[in-house]
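**Q** What the sequence shown shows, in our numbering, is residues 609 to 972, in sequence order. Note that the Cβ used here is the ideal one computed from N, Cα and C, for glycine as well. Keep in mind it's a predicted model, so treat the numbers as computed, not measured. Dropping a structure here in structure tokens format, bear with me for questions.
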Amino acid sequence: RDREQAKAWARDQAAKLGTGTAELTAGRTTLAHVFALYEQHRTPRKSAGEQSEDGRRIEMWARVLGGQKDPHLVSLGEWEGFIDARRSGAITGRGVPVMKEEDRELVRDGTVAADCIWLRQVLGWATRWREGNGPYVMRENPVRGFEVPEVQNVRRPMVTTTRYEKLRAVSDRVLMDVRRDGKRGRARSYLSELLDLAYHTGRRVGAILPLRYHDLRLAKTKGAPHGAIQWPGETDKMGKAWYAPLNAEARAAVDRVLAQRPGIGAAYLFPRPDDASKEVSYDTASDWLVKAEGLASLPKQDGSLWHASRRGWVTARKHWPLIDTARAGGWDGTETLARCYAQDDDATILRVVTEPAEVREVEA
């Protein structure tokens, strides 16, 4: 349960493996050991948000199953017991029991499923990972095939053009606290430019906020008549860098940033008002968006905030080939884009019904 102790134990086991005395050589391992190796070798490859979730889930599963448990012995009963307890709120997201029923909060099936899928992926990873020339950390994945909660009504709201226009109509009125010459004041926030870039590039706000001036490719070329952005791999969920051209609206947003906050090199496009060495935080940007929703009298979308813009961006481009849409928006493939982002809409459904192509036979 102590992360640093688990890491130290993993290093010690790695050293023992070199002399052939590790527990793994005898075919024994523990859940704590698997988690320590995963956190050491796999977690650093993930985004900051995913790294935080790894830490939470390691703490949760270690409490639920026990760090010294042989992971090969995780049973279906334990799996289903976790699902029931997590769903009912009998345990928290860190595995802490909630004794009083009145203090328990129901957890959505999607959240429970994500926790289950994470454990399955970690144990699957352990069946493919070996330390040095030793055996694989695990012989098999005991939870493969175990069912996870199925989400019947998936919440995937999107930002429509109408919603975006209403937000932009009030976004300049959302202010932020600034400090100038040792004095505090109020100034227009970055919300307008963030909305424009989210709506017109389809990127996650987690990739937009840490943009730096050296990520901009503002020279106008045949393939990028409005310039482009070299989206860095450090802020991509898959760790992949992407080059994508800008449209006129996104370029206008970038130009406004350049006019208001000229910068070069590694300086942030959206620095914190009190510390230019850091980008503005997700929480701050989200607070701005919530304020704009209030000013525009827009109801909060259930289950989404910034990410709804990414879905809207994809849906507005359904008429283009998926492979090109994926490349422009930063997806490594088309499966997730088609399954989770593209949404149906009444106008397109009507066209499907009323505008069929003719299929004729070739007569001899």
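Just how far apart, CA to CA, sit Thr633 and Leu684?
**A** Stepping through the sequence shown from its first residue, residue 633 is reached at position 25. Stepping through the sequence shown from its first residue, residue 684 is reached at position 76. Here the model assigns Thr633 a pLDDT of 49, short of 50, so the residue's position is not dependable, and the following value carries that caveat. The alpha-carbon atoms of Thr633 and Leu684 are separated by roughly 27 Å.
**Q** Smallest Cα separation from Lys708: which of Asp717, Lys830, Arg935, Ala698?
**A** Counting from one through the sequence shown, the residue named residue 708 turns up at place 100. Cα-wise, what sits closest to Lys708 is Ala698.
**Q** Grouping DSSP H, G and I as helix and E and B as strand, with all else coil, what is Leu731?
**A** Counting from one through the sequence shown, the residue named residue 731 turns up at place 123. Helix at Leu731.
**Q** Rank Thr892, His915, Ile957, Ala934 by C-alpha distance to the C-alpha of Leu799 and give the top, closest one.
**A** Counting from 1 along the sequence shown, the entry for residue 799 is found at position 191. Among Thr892, His915, Ile957, Ala934, the Cα nearest to that of Leu799 belongs to Thr892.
**Q** If you reduce the DSSP assignment to three classes, tell me which class Ile872 lands in.
**A** Residue 872 sits at position 264 when you count from the first residue of the sequence shown. In the structure shown, Ile872 sits in coil (DSSP, three-state: anything other than H, G, I, E or B).
**Q** Hey, how far is the Cα of Asp711 from the Cα of Arg919?
**A** Locating residue 711 in the sequence shown gives position 103, counting from the first residue. Locating residue 919 in the sequence shown gives position 311, counting from the first residue. Their backbone Cα atoms lie some 35 Å apart in a straight line.
**Q** Since Met846 contacts Asp932 with CB under 8 Å, what's their CB separation in whole angstroms?
**A** Your numbering for residue 846 matches position 238 in the sequence shown. Your numbering for residue 932 matches position 324 in the sequence shown. That belief does not hold up - the Cβ atoms of Met846 and Asp932 are roughly 18 Å apart, past 8 Å.
**Q** Spatial neighbours of Val786 within its chain, please: CB distance less than 6 Å, with the 5 preceding and 5 following residues excluded, ordered by chain position.
**A** Mapped onto the sequence shown, residue 786 falls at position 178. Answer for Val786: Gly793, Ala795, Pro881, listed in chain order.
**Q** Check this for me: beta carbons of Ala900 and Leu775, under 8 Å apart or not?
**A** Mapped onto the sequence shown, residue 900 falls at position 292. Mapped onto the sequence shown, residue 775 falls at position 167. Yes, Cβ-Cβ distance for Ala900 and Leu775 is below 8 Å.
**Q** Of the residues Asn749, Ala965, Ser885, which one's Cα is nearest the Cα of Ala874?
**A** The residue labelled residue 874 in the question sits at position 266 within the sequence shown. Nearest option by C-alpha distance: Ser885.
**Q** Between which two residues does the alpha helix (DSSP H) containing Tyr890 stretch?
**A** Along the sequence shown, one-based indexing puts residue 890 at 282. 890-903 is the extent of the alpha helix (DSSP H) around Tyr890.
**Q** Quick check: the Cα distance between Pro951 and Val720, rounded to an integer number of angstroms?
**A** Taking the first residue of the sequence shown as position 1, residue 951 is located at position 343. Taking the first residue of the sequence shown as position 1, residue 720 is located at position 112. For the sequence presented, residue 951 should be read as Gln rather than Pro. For Gln951 and Val720, the distance between alpha carbons rounds to 24 Å.
**Q** Please go through the segment 713-777 and give each complete alpha helix (DSSP H) segment of 4 or more residues, from N-terminal end onward.
**A** List check, alpha helix (DSSP H) in window: 717-734.
**Q** Are three or more beta carbon pairs between the segment 637-644 and the segment 669-676 nearer than 8 Å?
**A** Yes, the segment 637-644 touches the segment 669-676.
**Q** May I ask you to report which of helix, strand or coil DSSP gives Met668?
**A** By 1-based counting over the sequence shown, the position of residue 668 is 60. Note: Met668 maps to helix in three-state DSSP.
**Q** Tell me, please, which residues DSSP counts as bridged to Met784.
**A** The count along the sequence shown starts at 1 and reaches residue 784 at position 176. Paired residues: Ala795.
**Q** With distance defined between alpha-carbon atoms, name the residue in Ser655, Arg653, Gln648 nearest to Ile666.
**A** As a position in the sequence shown, residue 666 is number 58, starting the count at 1. Ranking the options by Cα distance to Ile666, first place goes to Gln648.
**Q** Starting from Trp914 and walking both ways along the beta strand (DSSP E), at which residues does that stretch end?
**A** Here residue 914 is taken as the residue at index 306 of the sequence shown, counted from 1. Taken as a continuous stretch (DSSP letters only), Trp914 belongs to no beta strand (DSSP E), as it is neither H nor E.
**Q** Do the CB positions of Ser779 and Leu817 come within less than 8 Å of each other?
**A** Position 171 of the sequence shown holds residue 779. Position 209 of the sequence shown holds residue 817. No. Outside cutoff.
**Q** Using alpha carbons as the reference points, say which of Lys791, Cys724, Thr769, Arg736 lies closest to Gly689.
**A** By 1-based counting over the sequence shown, the position of residue 689 is 81. The shortest Cα separation from Gly689 among Lys791, Cys724, Thr769, Arg736 belongs to Cys724.
**Q** On the DSSP bridge list, what partners appear for Glu887?
**A** Locating residue 887 in the sequence shown gives position 279, counting from the first residue. Paired residues: Pro879.
**Q** Between Arg788 and Tyr821, what straight-line distance do the alpha-carbon atoms span, to the nearest angstrom?
**A** Here residue 788 corresponds to residue number 180 of the sequence shown, with the count starting at 1. Here residue 821 corresponds to residue number 213 of the sequence shown, with the count starting at 1. For Arg788 and Tyr821, the distance between alpha carbons rounds to 22 Å.
**Q** Got a sec? Which residues, its chain only, sit under 8 Å from Pro907 by beta carbon, not counting five neighbours each side?
**A** By one-based count along the sequence shown, residue 907 stands at place 299. Glu901, listed in sequence order.
**Q** Please say whether Thr735 and Ala748 have beta carbons closer to each other than 8 Å?
**A** Mapped onto the sequence shown, residue 748 falls at position 140. Mapped onto the sequence shown, residue 735 falls at position 127. Inspection of the sequence shows that residue 748 is occupied by Glu rather than by Ala. Yes. Within cutoff.
**Q** Report the partner residues of Tyr851 according to the DSSP bridge assignment.
**A** Sequence index remark: in the sequence shown, residue 851 carries index 243 (1-based). Tyr851 is bridged to Gln838.
**Q** Suppose the cutoff is 6 Å on Cβ atoms and the five residues either side in sequence are ignored; what does the same chain contact list for Arg859 look like?
**A** The residue given as residue 859 occupies position 251 in the sequence shown. Excluding residues within five positions, the ones whose Cβ falls inside 6 Å are His834, Gly835.
**Q** At a threshold of 7 Å, does Leu866 count as lining the ligand MG (C-beta to nearest heavy atom)?
**A** The ligand MG is not among the ligands present in this structure, which contains no ligands whatsoever.
**Q** Just mark Glu758 as buried or exposed, buried being the case when its beta carbon has 16 or more other beta carbons within 10 Å.
**A** As a working mapping, residue 758 is identified with position 150 in the sequence shown. By the 10 Å Cβ count, Glu758 comes out exposed.
**Q** Just list the residues that DSSP pairs Arg820 with in beta bridges.
**A** By 1-based counting over the sequence shown, the position of residue 820 is 212. Note: Arg820 sits in a beta bridge opposite Tyr876.
**Q** Report the option in Leu945, Tyr890, Val745 whose CA atom is closest to the CA atom of Gly601.
**A** Absent from the structure is residue 601, since the part of the chain shown begins at 609 and ends at 972.
**Q** Of the residues Val745, Glu739, Thr700, which one's Cα is nearest the Cα of Leu714?
**A** The residue you call residue 714 lines up with position 106 of the sequence shown. If we check each option's Cα against that of Leu714, Thr700 comes out closest.
**Q** Which of helix, strand or coil does DSSP assign to Arg864?
**A** On the sequence shown, position 256 is the one that residue 864 refers to. Looking at Arg864 - three-state DSSP - the assignment turns out to be helix.
**Q** Under 8 Å by Cβ, that's how I've got Gly718 and Met668 pegged, so tell me the actual separation to the nearest angstrom.
**A** Within the sequence shown, numbered from 1, the residue matching residue 718 stands at position 110. Within the sequence shown, numbered from 1, the residue matching residue 668 stands at position 60. Rounded, the Cβ-Cβ distance is 16 Å, inconsistent with contact.
**Q** From which residue to which residue does the alpha helix (DSSP H) around Gly938 run?
**A** Translated into positions along the sequence shown, residue 938 becomes position 330. First-last for Gly938: undefined, no H or E at that position.
**Q** Let me make sure I understand the geometry here. Which of Arg764, Thr768, Val682 has the alpha-carbon closest to that of Arg728?
**A** Taking the first residue of the sequence shown as 1, we reach residue 728 at position 120. Minimum Cα distance to Arg728 is reached at Val682.
**Q** Candidates Ala618, Val813, Ala965, Gly742: which alpha carbon is nearest Trp896's?
**A** Counted from its first residue, the sequence shown places residue 896 at position 288. Of Ala618, Val813, Ala965, Gly742, the residue nearest in Cα terms is Val813.
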